[in-house]
């Protein structure tokens, strides 16, 4: 029994951590609705677990995780909750900012939805749970049956969210919008499997210390989520994404880019959602004291998780000094 629990612990951890980061730490869902977490696990948790298993089984690296995470974001925002197309999604007028009338979307918010899911809902939870299981970072966690069950759970989770929001709002995107979102998601999946498999490290070069990698991730991700709601903000966001891609890809090829630096970068980016949760509460429910206390509790949970990661990092392991390249 103990061996089974240890075997399934990372699976359970990822199933819960993905919706926790993607919705609760962000502040998009209040602590008052903590009971809704099990209903988010099939879409968020199973989606993250499915991506993780596919990438690790195929032997690809973090670029594939991010691209599949982006596909996940397009599927969620374009096909499931349809926040990308709904002009009155949960009472917000998202399309009043940087509208693209031909597509029926907001350029800024569509980018935010997709990148938010790719980075915070998918990639960060995978990285954190893998870090906490150092002996199993590169190995599959599920067998064939588990993989099929996870895929079915993910599809079921998509249906749950679609049905709930469609029944409550009555909104349905046009066939052209749904087809376009499906095509974009498919192209992102194809792009993920065209990325290079992790290879041997390249030449050396300067890499930041762990604390500086964490601070850099915190500042860069904070700048991205704080871009102005304008077309200038769209181009600033695109530039920040390009900068992050270039810097991280160069650092990851260095033999001095250790797993400690990698997880410090992940931690810095995670903490951006911790403060962003307070900002969202200030914008939408500034008088809700319970919501403020919930933000504080979720932020403390994130700090506790990173503290745990730090304790694990100090313990020697077979791959404690390495990070998967690519």
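Numbering (my numbering), first residue to last: 532 to 857. Think of the CB as a built atom: it goes at the ideal place given N, C-alpha and C, for glycine as much as any other residue. Here the structure is a predicted model, which means the values were calculated and not measured.
>> Going by DSSP, what residue range makes up the alpha helix (DSSP H) through residue 804?
In response: Locating residue 804 in the chain shown gives position 273, counting from the first residue. DSSP places residue 804 inside the alpha helix (DSSP H), whose first and last residues are 790-815.
> Roughly how many whole angstroms lie between the Cα atoms of residue 773 and residue 690?
Replying inline: In the chain shown, residue 773 corresponds to position 242, counting from 1. In the chain shown, residue 690 corresponds to position 159, counting from 1. Each residue's CA atom was taken as its position, placing residue 773 and residue 690 some 34 Å apart.
> Looking only at DSSP bridge pairs, what is residue 631 linked to?
Replying inline: Here residue 631 is taken as the residue at index 100 of the chain shown, counted from 1. Bridge partners of residue 631: 636.
> What residue from 607, 842, 726 and 807 has the CA that sits closest to residue 794's CA?
Replying inline: Within the chain shown, numbered from 1, the residue matching residue 794 stands at position 263. Residue 842 is the option with its Cα nearest to residue 794.
> Count the other CB atoms within 10 Å of the CB of residue 752; is the residue buried (16 or more) or exposed (fewer)?
Replying inline: Sequence index remark: in the chain shown, residue 752 carries index 221 (1-based). By the 10 Å Cβ count, residue 752 comes out buried.
> Is the stretch 656-674 in contact with the stretch 778-789, if contact means three or more CB pairs nearer than 8 Å?
Replying inline: No: the two stretches stay apart, fewer than three of their Cβ pairs being nearer than 8 Å.
> When you compare only the Cα positions, how much space is there between residue 545 and residue 570?
Replying inline: Within the chain shown, residue 545 is the residue found at index 14, counting from 1. Within the chain shown, residue 570 is the residue found at index 39, counting from 1. Between residue 545 and residue 570, the C-alpha separation is close to 15 Å.
>> Let me confirm a value: residue 817 is counted as buried when at least 16 other C-beta atoms fall within 10 Å, else exposed. Which label applies?
In response: Position 286 of the chain shown, counted from the start, is the residue given in the question as residue 817. Exposed is the label assigned to residue 817, since fewer than 16 other Cβ atoms lie within 10 Å of its Cβ.
>> Does the CB of residue 759 have a neighbour CB from chain C at under 8 Å?
In response: Of the protein chains in this structure there is only one, and it is not chain C.
> How would you call residue 556, buried or exposed, if buried means at least 16 neighbouring beta carbons within 10 angstroms?
Replying inline: Mapped onto the chain shown, residue 556 falls at position 25. So residue 556 ends up on the buried side.
> When the Cα atoms are used, what is the spatial distance from residue 729 to residue 791?
Replying inline: By one-based count along the chain shown, residue 729 stands at place 198. By one-based count along the chain shown, residue 791 stands at place 260. It is roughly 18 Å from the alpha-carbon of residue 729 to the alpha-carbon of residue 791.
> Unbroken alpha helix (DSSP H) runs of length 4 or more, entirely within the stretch 738-767: which are they?
Replying inline: If we require 4 residues or more, the alpha helix (DSSP H) runs fully inside the stretch 738-767 come out as 741-756.
> Taking the runs of the alpha helix (DSSP H) that are 4 residues or longer, which of them lie wholly in the stretch 557-619?
Replying inline: Within the stretch 557-619, the complete alpha helix (DSSP H) runs of at least 4 residues are 568-571, 577-589 and 593-606.
> With a CB to CB cut of under 6 Å and the five nearest residues on each side skipped, what residues in its chain are close to residue 625?
Replying inline: The residue given as residue 625 occupies position 94 in the chain shown. Excluding sequence neighbours, residue 625 sits near 637 and 640.
> What separation, rounded to the nearest whole angstrom, lies between the Cα atoms of residue 587 and residue 673?
Replying inline: If you number the chain shown from 1, residue 587 lands on position 56. If you number the chain shown from 1, residue 673 lands on position 142. Straight-line measurement puts the Cα of residue 673 at about 11 Å from the Cα of residue 587.
>> Pop quiz: residue 798 and residue 837 are said to be a contact at Cβ under 8 Å. What is the actual Cβ separation, rounded to whole angstroms?
In response: Position 267 of the chain shown, counting from 1, holds the residue named residue 798. Position 306 of the chain shown, counting from 1, holds the residue named residue 837. Indeed, because the Cβ distance is near 5 Å, the residues count as touching under 8 Å.
>> Helix, strand or coil for residue 736? Go by DSSP, reduced to three states.
In response: Against the chain shown, residue 736 aligns to sequence position 205. In the structure shown, the three-state DSSP call for residue 736 is coil.
> Where does the unbroken alpha helix (DSSP H) through residue 710 begin, and where does it stop?
Replying inline: The count along the chain shown starts at 1 and reaches residue 710 at position 179. Residue 710 -> alpha helix (DSSP H) spans 706-723.
> If we count the other Cβ atoms within 10 Å of its Cβ and call it buried at 16 or more, is residue 623 buried or exposed?
Replying inline: Sequence index remark: in the chain shown, residue 623 carries index 92 (1-based). Exposed.
>> Using the three-state DSSP reduction, which class does residue 819 fall into: helix, strand or coil?
In response: For the purposes of this step, residue 819 is taken as the residue at position 288 of the chain shown. DSSP, read as helix, strand or coil, puts residue 819 in coil.
>> Give me the residue from 823, 572 and 801 with the minimum Cα distance to residue 811.
In response: Within the chain shown, residue 811 is the residue found at index 280, counting from 1. Of the candidates 823, 572 and 801, 823 places its Cα closest to the Cα of residue 811.
>> To the nearest angstrom, how far is the alpha carbon of residue 821 from that of residue 562?
In response: By 1-based counting over the chain shown, the position of residue 821 is 290. By 1-based counting over the chain shown, the position of residue 562 is 31. About 7 Å.
>> Using the three-state DSSP reduction, which class does residue 842 fall into: helix, strand or coil?
In response: Here the question's residue 842 lines up with position 311 in the chain shown. Here residue 842 carries a helix assignment [DSSP, helix/strand/coil].
> Would residue 550 be called buried (16 or more neighbouring beta carbons within 10 Å of its own) or exposed?
Replying inline: Here residue 550 is taken as the residue at index 19 of the chain shown, counted from 1. Sixteen is the threshold: when 16 or more other Cβ atoms of the shown chains lie within 10 Å of the Cβ of residue 550, as they do, the residue is buried.
> Taking Cβ positions, are residue 645 and residue 605 nearer each other than 8 Å?
Replying inline: Residue mapping note: residue 645 aligns to position 114 of the chain shown, counting from 1. Residue mapping note: residue 605 aligns to position 74 of the chain shown, counting from 1. Their beta carbons are under 8 Å apart, which means residue 645 touches residue 605 by this criterion.
> residue 680 to residue 654, Cα distance in whole Å?
Replying inline: Position 149 of the chain shown, counted from the start, is the residue given in the question as residue 680. Position 123 of the chain shown, counted from the start, is the residue given in the question as residue 654. Between residue 680 and residue 654, the C-alpha separation is close to 21 Å.
> Roughly how many angstroms separate the alpha carbons of residue 852 and residue 534, rounded to a whole number?
Replying inline: Translated into positions along the chain shown, residue 852 becomes position 321. Translated into positions along the chain shown, residue 534 becomes position 3. Low confidence applies here, because residue 852 scores a pLDDT of 47, under 50, leaving its location unreliable; read the following figure in that light. The C-alpha of residue 534 is placed about 26 Å away from the C-alpha of residue 852.
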